[in-house]
Structure formats: C-alpha cells, structure tokens
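Chemist: Numbering (this note's numbering), first residue to last: 10 to 980.
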C-alpha cells in the first residue's frame with residue numbers, strides 16, 4: 010500500500026522506501042489507514058500548537074526552567090517527544106495486527122510473524138513500552154547518552170497510554186528482542202527503519218543540535234509528568250479521524266491538514282489574568298453584586314493585600330467565620346495569584362455535589378465580571394458525576410456544542426452490566442465538545458466540582474498525568490477544609506506536596522482549623538522542595554497562631570507569613586442549653602417556643618433520626634408545618650429541597666415575603682451544615698464535633714431581621730441553641746449510638762467538654778466569632794479536657810480514636826501516590842499497583858473517601874400494567890413520561906429519569922447486601938438502554954417503585970415520597 014499525491018514536505022519529505030509502509034492507524038469499517046510518519050508529523054504539529062496557544066504560561070515556565078535553552082528548548086522537547094511517541098509501532102509485535110498492512114510491509118522487506126504466531130508473547134510489547142526501549146536505545150547508542158539520563162526522557166513515550174512502565178515490564182521485553190525486530194536478515198532493516206524515523210524526527214523538529222546539551226539535564230518528576238500529559242493530549246487530538254482523516258481520502262499537505270484540524274477543534278486559549286487594579290473595595294465592587302452600602306470585610310481586605318505582597322504566589326489558608334465572604338475573597342485572590350503566576354484557570358473544590366452545584370452559578374457570575382479580551386473564549390466545567398443534569402451546565406453544553414467527537418484512543422466499545430465493577434457509563438460520557446470528552450474534562454480552564462477531583466491527583470490511577478496537567482495550570486481553591494477526615498487528609502496532603510512542586514497557587518478556606526492541621530497543610534505544600542528544613546521556626550509559628558480570623562501564607566523557600574485580621578462588626582452571642590433526647594420532650598418544648606410563631610431548624614446526625622423526629626413533630630404541629638431535608642432524596646428532589654429552603658429561609662432580600670408566617674420546623678441531617686445561606690430563629694442540634702456545631706450555629710440568626718432582631722418573634726430574638734442527642738443524666742454524657750457511629754465517641758466527648766462552660770453553671774453564651782478558634786483548638790488539642798470524672802471514658806474513647814486514625818491512614822496509603830522523587834529519576838512504576846481508572850468504577854470513587862462502596866440507582870415507577878415511567882411528581886412536564894423497554898426512551902424522558910438518581914444508604918454498603926442488591930437490580934437489566942443512543946441510562950442500576958412508591962430490595966422494605974425521601978426498614 011502506497012500513498013499517492015502526498016506532498017513530500019515536512020517529516021514525510023525526509024523519508025523514502027520501506028519506512029513509508031509502516032502504519033499507525035487503521036479503520037476496519039472503511040479500510041482507511043494512516044502511515045506512522047504521518048501520525049508522527051500530525052502529533053508534533055499539534056504539540057507545537059498546544060505549547061503556543063493552549064498551555065498556561067505557568068506550565069510552560071516550569072518546563073522551560075528545567076532546560077538549558079529555556080522556553081525554546083521547552084517547545085522543541087514537547088514537539089519532539091510528541092513526534093516519537095509512537096515509534097514503538099515500528100515493530101513486528103504491533104505491525105502484525107492488520108494483515109493487509111502487514112503484508113505490504115513484508116513486501117518491503119520487513120518480515121514478521123503473524124499475530125497468531127506471536128501468541129501471548131505479543132502482549133509483552135505494547136507499543137508504548139516498545140517505544141520507550143527503542144528511544145532509550147537510540148539515545149544511548151547513537152547519541153552517546155548515559156543510561157541514567159535516557160530514562161527520564163524515554164519514559165514519556167512509555168507512559169503515553171496512561172501508565173508509565175515498571176522495571177519488570179522492561180526486563181520482560183529485553184528478554185524477547187524478536188518482538189522489537191524480527192530475527193534473521195530483515196532484523197537489520199527493522200533497525201534501519203526505526204533509526205531512520207528517529208533521525209528524521211530529530212532533524213525535522215530541531216533537536217539534533219540540542220541533544221548534546223540535554224545529556225546532563227535532570228528533569229524534575231513534575232516536568233516528566235507534564236511532558237507525558239501534553240504528549241497524551243497531542244496524541245488524542247491527532248488520533249481523531251474527524252480532525253485528521255485517514256488515507257486514501259486525505260490528499261492535503263501536512264500544513265493544510267493541521268491548520269484545518271486546529272480550526273475545527275477550537276480549543277479555548279488559557280485564561281490570561283490581569284491583576285485587578287485599585288483597592289480591595291474597588292475590586293470587590295467590580296467583581297460581585299454587593300448590596301448597596303456594603304463594605305469589604307477586614308479578612309477580605311487582608312487576603313487581597315497579602316496576595317499582592319508575598320514574594321510569589323503559594324499557599325494561602327483563610328480561616329474566618331461563616332458569612333465573612335471567604336468565597337469572594339478566594340476568587341479575588343485567585344485572580345491576583347493567576348496574574349502573578351501565569352496560571353490559566355481556577356479549580357474550586359467543594360466537599361459535596363450539592364455544594365458544587367451551589368458554587369457553579371457563583372463561578373459563572375464572577376467570570377461574567379472578569380475583564381476579557383475581544384473574542385476570548387473560556388472553557389467551564391462542573392466536575393462531578395451528575396454535572397450533565399445541572400440545568401445551567403446543560404445550557405452551557407448546548408451553547409458550546411461542536412460536531413467534533415471526543416476520542417479516547419484507549420477505550421473499547423462494549424455494553425456494560427451493573428455487576429461489572431471495572432467500568433461504568435455515567436451520563437457525561439456523551440461526546441459533545443472535545444474538552445468534555447472522557448478523561449479530558451478537567452482540562453477546562455474554570456472548574457467547580459467536588460474535592461474528590463482534586464484528591465484523585467494523589468491516587469495511583471490510569472492517566473494520572475492528565476489530572477496533574479489539569480491542576481498544574483490552575484489556581485486551586487479548596488473550600489471547607491475542616492470537613493475532611495484523616496483518610497481524605499492523607500490524600501490531600503500528598504496532593505498539596507505535588508501542587509507545591511508544580512508551584513500551583515492554592516487557597517484553602519475554613520471556618521477554622523485545628524492548629525496541628527493548619528501546620529500539616531502548610532508543611533505538606535512546602536515540603537515538596539524541602540522548604541520546611543530551612544524554616545522550622547516559621548512552621549512552629551503557624552501551629553501556635555491564636556488570632557482569629559487568621560491568614561497563613563506559604564511561599565516556597567520563604568518563612569511562612571501568619572497574620573491576624575480584624576473580625577467584622579457582625580458578632581453575635583448564642584446561648585446553649587441541654588435538652589433530653591426524647592422526641593415528646595422536644596415536641597412540647599417547641600410548642601412553647603413557637604407560641605408566637607417562628608422558624609426552627611432541628612439537625613439530626615442520621616437520616617433515621619430525621620424521619621423519626623419529623624413523624625413526632627408532624628403529629629404535634631401538622632404536616633404543613635414540618636419540612637424534611639436529608640441526603641436520601643433523588644437528585645432532582647434534593648435540588649428542589651435546597652431551592653425551597655433558600656426561598657423560604659434565605660436572606661431577607663431574596664426571600665421576598667415567602668418566609669412562613671406561622672410556626673415552621675425544618676428537620677434536617679448534615680445537609681444543613683454546608684453552603685446553604687439559610688436563617689432560623691431557633692436551633693436544635695444533636696451533639697456533634699465542635700467545628701460542625703459552630704457551622705450549625707451559623708444558620709441561627711444569620712441575617713439581621715430588623716433592629717435588634719425585632720422582626721423575629723419576641724421569644725426568639727435571642728439566639729439560642731438546644732443541644733440534644735445525648736443522655737445527660739449520668740456523670741459522663743452518653744451520645745446516642747447513631748452519632749457515635751458517624752463521628753466517634755472521642756470527638757463527641759471532647760466537643761461536649763469544651764462546650765461545658767456554655768451548657769452548665771453560669772452558662773456563658775458562645776460569642777461569635779470570638780469563641781470559634783478557642784473552642785476548636787481546645788477540642789482538637791492533645792491536652793486533657795473536661796471534668797476529672799470524665800477522664801476514664803475519655804481515655805478509652807481516645808485510644809479507639811487513635812487506633813481508627815492509624816487504620817485510616819494505613820488504608821489511604823495503599824493507593825496513595827508516592828512523594829515527588831529526586832530530579833532526574835524516571836517515572837518508572839509511578840502508579841504501580843494502582844486502582845485502574847479511578848473515576849470509572851463504583852469502587853474507585855470511594856478510594857479517596859473512607860466510606861464503604863455505595864450503590865447508586867435510578868428510581869423509576871412501574872405502572873399497574875407493568876410499563877415503566879418517570880416519577881409522577883416531577884416538575885416541568887417531566888413526570889409520568891413513558892420509558893419503553895424495547896427501545897431507548899426519548900431524550901427528555903431519559904434525562905428526567907437520570908435526574909432521579911439516588912445513593913442508597915449505609916445498609917446497602919455491606920458486601921453481602923451489596924452483592925444481593927445488585928443481583929436483584931440486574932433482573933431489570935434492559936439491553937435497549939445500554940447503547941450509545943441511551944447515554945443517560947446506559948450502565949445505570951434501575952430501581953422500580955410500585956404504584957404506591959414502595960418496593961423491597963435485599964431484604965429491606967423501601968418507601969419513597971417527595972416530602973420525606975427514602976425510608977428503609979427491615980422487610
């Protein structure tokens with residue numbers, strides 16, 4: 010097979026004879042094919058364009074710094090590595106796969122066995138690994154490089170399919186040289202072809218004269234990762250037949266081909282931030298819709314000043330009370346850091362999907378107010394598994410739709426069954442624009458999503474290099490850092506160390522952090538370059554800081570900066586009171602409190618306690634006076650709940666008279682703690698760790714309602730919090746079992762201990778924000794706390810807690826990425842013994858959280874005639890839509906069904922129950938829903954409720970209602 014009409018320019022013009030018969034791509038449907046030299050030239054051209062027009066300045070600078078020729082060397086290296094990445098395809102082990110193409114190579118003198126003759130041995134030479142061996146061999150034998158130098162460059166070729174090789178794989182291939190070159194007379198021709206390609210690439214892409222200078226370079230491991238990632242991106246783009254058609258259809262020159270492809274791809278350029286001018290007040294007024302007369306808070310002003318003054322962008326930890334505008338401060342700091350560092354975007358990480366959804370419109374509003382150059386386009390992503398169901402994000406996807414399909418060159422088509430734990434097909438897999446394709450979405454410039462997406466950067470998983478490229482070019486904001494347990498913190502600390510090595514600016518937000526945790530975060534970021542060794546006193550100051558609000562800044566190589574900021578004038582006092590854990594006692598107490606009306610928030614630590622409490626209170630106050638909110642609602646109902654709570658209990662200027670006039674009680678789980686701007690007259694809460702207790706108090710008298718809260722009922726104008734969920738009758742308080750299961754006895758006892766002065770005796774009120782830091786530091790310090798009579802119970806609980814933390818850390822270490830290695834050390838085995846595609850499996854998503862694998866189901870209704878339909882109460886005409894089983898449902902019906910995703914509670918997380926549940930759910934496996942025409946429902950477990958919204962599963966009775974969500978009881 011020969012290529013007619015190809016203009017012999019570029020790489021192809023340097024080659025002739027048998028080398029031009031070596032193939033790289035083949036389409037079985039059309040019999041189209043692509044010569045290896047053409048794909049090499051395409052990939053090199055794309056890599057050059059990525060460097061020039063897409064990579065953020067910070068990524069280019071870090072790469073250039075490692076090379077003697079700076080940015081020019083950086084570009085040349087990226088282009089050259091992209092060109093040679095598929096040199097391993099010029100081997101018998103690869104070429105034998107397509108008979109007609111292999112036959113043409115044989116006619117050119119390149120003898121090889123058939124695929125069948127190679128047998129299983131062929132798997133020992135995947136073309137990435139073969140390419141690493143061939144490139145290292147050429148550098149050592151033809152360019153005089155020492156073996157210790159070649160590996161750090163060649164490993165980029167070896168890892169371009171997502172997993173850098175391990176030493177054992179190299180040894181296996183060394184033992185089978187016939188996989189690289191056929192033995193006998195044609196072996197010399199194979200070698201000549203391989204070397205001809207490598208020589209031509211060195212000449213064509215301008216590195217022949219640079220190879221000598223690079224012989225002594227020691228590439229930092231972060232640079233090796235970035236080079237690998239850019240080569241992967243270039244390869245994926247150049248492998249897209251929509252952009253780069255196969256021969257013989259292709260007759261254009263290489264330049265025309267690349268120019269047309271780049272125009273068709275339309276990759277948005279990175280954000281080029283400009284540092285905002287003016288003082289903090291001016292900047293905040295221009296970026297956010299501030300209420301009339303609003304002034305910048307002191308902590309916001311301090312954060313902006315510190316971001317401008319520190320020697321270089323690094324890590325900034327902002328600790329401030331709820332409602333002080335930390336989110337807005339983080340976005341302004343991110344803008345300043347991006348301008349100073351050359352970062353090309355922002356990743357805003359939040360603890361849950363719900364908080365991610367809440368943040369997304371705020372991110373969009375901020376982006377709308379940023380200065381933009383004429384014609385500038387910005388790529389935006391909502392990064393979690395239900396993003397495609399978010400209406401605002403879905404609209405962005407529709408407006409940004411392109412006809413270019415996403416390409417995953419490593420993917421294999423095939424149908425998925427729910428019991429297949431190795432692969433799933435979530436809704437966002439549908440190919441819209443290229444940057445929303447599988448594994449590439451995080452490369453968008455602006456991302457709001459769950460913190461899991463950041464933590465995955467510390468998890469050994471396939472294509473980890475792409476995740477690192479995604480964060481290496483951004484400012485990373487991590488919100489509500491106090492919400493992450495020991496297990497997640499193990500991953501977060503490792504990710505911070507890599508971010509420090511990439512010099513990624515990071516902003517960490519928290520209501521407050523235990524001092525030891527603050528120091529751990531600072532040291533993790535700085536330790537990537539050994540910075541802690543040079544400034545131990547500075548990090549001791551980080552741990553000892555007692556000011557609040559507090560700002561901590563870490564610049565690599567510098568002593569940390571710790572500054573207190575004044576609190577705003579929005580201080581308040583909250584009076585605490587113990588109340589017996591008795592539902593009837595609570596009902597009677599609330600009846601007395603609500604005689605004159607008012608809105609109460611009752612927070613329970615488990616869904617079961619939420620529902621039990623709601624039943625009792627409805628019996629006393631009526632159904633209309635009680636609202637339930639917890640995590641066991643289908644997604645669309647949960648979103649509606651959040652919107653309803655905001656509409657009725659949000660800020661006065663937004664509620665627009667919808668706040669209930671008479672008594673109303675919201676009974677909620679922990680969903681009320683995070684990122685909901687709701688305001689209640691009275692708080693009742695189960696005992697919980699003190700930092701979370703303070704978060705809950707942040708929903709109490711959150712907004713001013715008249716002078717002296719005069720618009721609240723007279724009895725409720727003083728902020729009060731009733732603490733329950735505990736048997737207070739004995740010498741030592743005993744938290745209820747459900748709370749202990751969630752938080753552990755130690756954290757609950759220490760919380761009770763530091764709150765004791767506010768719960769008994771003179772019952773001094775909790776002063777906010779003044780008491781926030783002392784309470785948190787006291788609860789999480791190592792020193793004893795509480796009455797002497799508690800000491801025995803506290804010690805026993807402490808031992809269990811310490812053991813649990815050690816076990817958590819040990820479990821997290823199993824798949825955690827290693828620390829940054831020394832410069833020049835190749836990435837061999839970088840993700841050995843990893844988890845595969847971390848975010849493609851149900852188990853993978855649980856790797857960065859210490860939680861049992863949870864089952865997610867799509868909830869539908871089975872009608873009396875046996876047909877399936879969407880849940881009947883869905884709004885906007887989405888309820889009761891037919892879901893046929895003999896064909897894919899209509900898109901609107903399928904999307905409506907997919908919006909009813911539900912994560913089953915902990916009862917279904919035990920292995921035996923999970924297996925039984927999957928087996929029962931698979932009885933409703935619907936083949937017609939598994940193809941590409943049903944992307945919303947493909948791969949989903951379907952839970953069908955009967956006409957009464959009930960069913961049974963794995964020995965449990967399930968009942969669902971839009972008012973109360975899922976109730977689970979023994980069957």
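All residues carry an ideal CB built from backbone N, CA and C; glycine is no exception.
If you're wondering where the values come from, they're calculated on a predicted model, not measured in any experiment.
Can you grab the Cα-Cα spacing for the pair residue 795 / residue 351, in whole Å?
Modeler: The alpha-carbon atoms of residue 795 and residue 351 are separated by roughly 50 Å.
Chemist: Thinking C-beta only, is residue 56 closer than 8 Å to residue 239?
Modeler: Contact flag set, yes.
Chemist: Grouping DSSP H, G and I as helix and E and B as strand, with all else coil, what is residue 737?
Modeler: Three-state DSSP puts residue 737 in coil, outside helix and strand.
Chemist: Mapping DSSP to helix, strand and coil, what is residue 870?
Modeler: In the structure shown, residue 870 sits in a strand (DSSP, three-state: E or B).
Chemist: Just to confirm, are residue 490 and residue 522 a CB contact at a threshold of 8 Å?
Modeler: The answer is yes: Cβ separation under 8 Å.
Chemist: Spatial neighbours of residue 488 within its chain, please: C-beta separation below 6 Å, excluding the five flanking residues on both sides.
Modeler: Hits under 6 Å: 359 and 518.
Chemist: Exposed or buried, what is residue 366 when buried is set at 16 or more other beta-carbons lying within 10 Å of its beta-carbon?
Modeler: Residue 366 is buried by the Cβ-count criterion.
Chemist: Distance check for residue 463 and residue 346, CA to CA, integer angstroms please.
Modeler: So the alpha carbons of these two residues sit roughly 19 Å apart.
Chemist: DSSP puts residue 976 in a beta bridge; with which residues?
Modeler: According to DSSP, which records beta bridges pairwise, residue 976 is partnered with 968.
Chemist: Report all residues from its chain with a CB closer than 6 Å to the CB of residue 635; omit the five preceding and five following residues, and keep chain order.
Modeler: 623, 626, 627 and 674.
Chemist: Going by DSSP, what residue range makes up the beta strand (DSSP E) through residue 823?
Modeler: No beta strand (DSSP E) contains residue 823, which DSSP labels as neither H nor E.
Chemist: Rank 222, 789, 125 and 103 by C-alpha distance to the C-alpha of residue 153 and give the top, closest one.
Modeler: The shortest Cα separation from residue 153 among 222, 789, 125 and 103 belongs to 222.
Chemist: Would you list the residues sitting across from residue 32 in a DSSP beta bridge?
Modeler: Its beta-bridge partners are 44.
Chemist: Go to residue 585, then tell me how far its beta strand (DSSP E) extends in each direction, as first and last residue.
Modeler: Segment 581-587, the beta strand (DSSP E) holding residue 585.
Chemist: With a cut-off of 8 Å on the beta carbons, I'd call residue 938 and residue 947 a contact; round off their distance for me.
Modeler: Between residue 947 and residue 938 the Cβ distance is about 6 Å, and since that is below 8 Å, they are a contact.
Chemist: Please return the same chain residues whose Cβ sits closer than 7 Å to the Cβ of residue 217, not counting the five positions on each side in sequence.
Modeler: 211.
Chemist: Can you check DSSP and say which residues form a bridge with residue 961?
Modeler: For residue 961, which the question treats as bridged, DSSP gives the partners 966.
Chemist: Quick check: the Cα distance between residue 534 and residue 720, rounded to an integer number of angstroms?
Modeler: Going from the Cα of residue 534 to the Cα of residue 720 covers about 47 Å.
Chemist: Could you please give me the residues that DSSP links to residue 935 through a beta bridge?
Modeler: BP columns for residue 935 are empty, so no partner.
Chemist: Any beta carbon from chain C within less than 8 Å of residue 273's own beta carbon?
Modeler: Absent here is chain C; the protein component of the structure consists of one chain.
Chemist: In chain order, what residues of the same chain have a beta carbon less than 6 Å from the beta carbon of residue 646, not counting five sequence neighbours either side?
Modeler: Cβ neighbours of residue 646 beyond the five flanking positions: 971.
Chemist: Using the DSSP secondary-structure output, state which residues sit across from residue 211 in a beta bridge.
Modeler: Residue 211 pairs with nothing; no bridge assigned.
Chemist: Entirely within the region 878-907 and at least 4 residues each: give me those alpha helix (DSSP H) ranges in chain order.
Modeler: Complete alpha helix (DSSP H) runs here, min 4: 900-907.
Chemist: Does DSSP put residue 840 in a helix, a strand or coil?
Modeler: Residue 840 falls in the coil class under three-state DSSP.
Chemist: Quick one: what does DSSP say residue 331 is sitting in, helix, strand or coil?
Modeler: Reduced to three states, the DSSP call for residue 331 is coil.
Chemist: Flag this pair as yes or no: are the beta carbons of residue 19 and residue 50 separated by less than 8 Å?
Modeler: Taking 8 Å as the Cβ cut-off, residue 19 and residue 50 qualify as a contacting pair.
Chemist: Taking 8 Å as the threshold, find out whether the region 460-479 comes into contact with the region 252-262 through three or more Cβ pairs.
Modeler: Touching, no.
Chemist: Determine the extent of the beta strand (DSSP E) in which residue 358 is found, giving its start and end residues.
Modeler: Per DSSP, residue 358 belongs to the beta strand (DSSP E) from 355-359.
Chemist: Going by Cα to Cα distance, which pick from 567, 581, 629 and 606 is closest to residue 594?
Modeler: Comparing Cα-Cα distances from residue 594 to each of 567, 581, 629 and 606, the minimum goes to 629.
Chemist: How big is the Cα-Cα spacing for residue 181 and residue 925?
Modeler: Going from the Cα of residue 181 to the Cα of residue 925 covers about 41 Å.
Chemist: Put residue 431 into one of helix, strand or coil per three-state DSSP.
Modeler: Note that residue 431 scores 40 on pLDDT, short of 50, meaning its location in the model is unreliable and no value can be drawn from it.
Chemist: Determine, using beta-carbon pairs with one atom in the region 590-607 and one in the region 327-336, whether at least three such pairs fall under 8 Å.
Modeler: Short answer: they don't touch.
Chemist: Would you kindly work out how many angstroms separate the C-alpha atoms of residue 710 and residue 241, rounded to a whole number?
Modeler: Their backbone Cα atoms lie some 52 Å apart in a straight line.
Chemist: Alpha carbon to alpha carbon, how far is residue 468 from residue 497?
Modeler: If I take the Cα positions, the gap works out to 11 Å.
Chemist: Could you give the residue range of the alpha helix (DSSP H) that holds residue 146?
Modeler: Per DSSP, residue 146 belongs to the alpha helix (DSSP H) from 136-150.
Chemist: Per DSSP, which one or two residues make a beta bridge with residue 181?
Modeler: Per DSSP, none; premise fails for residue 181.
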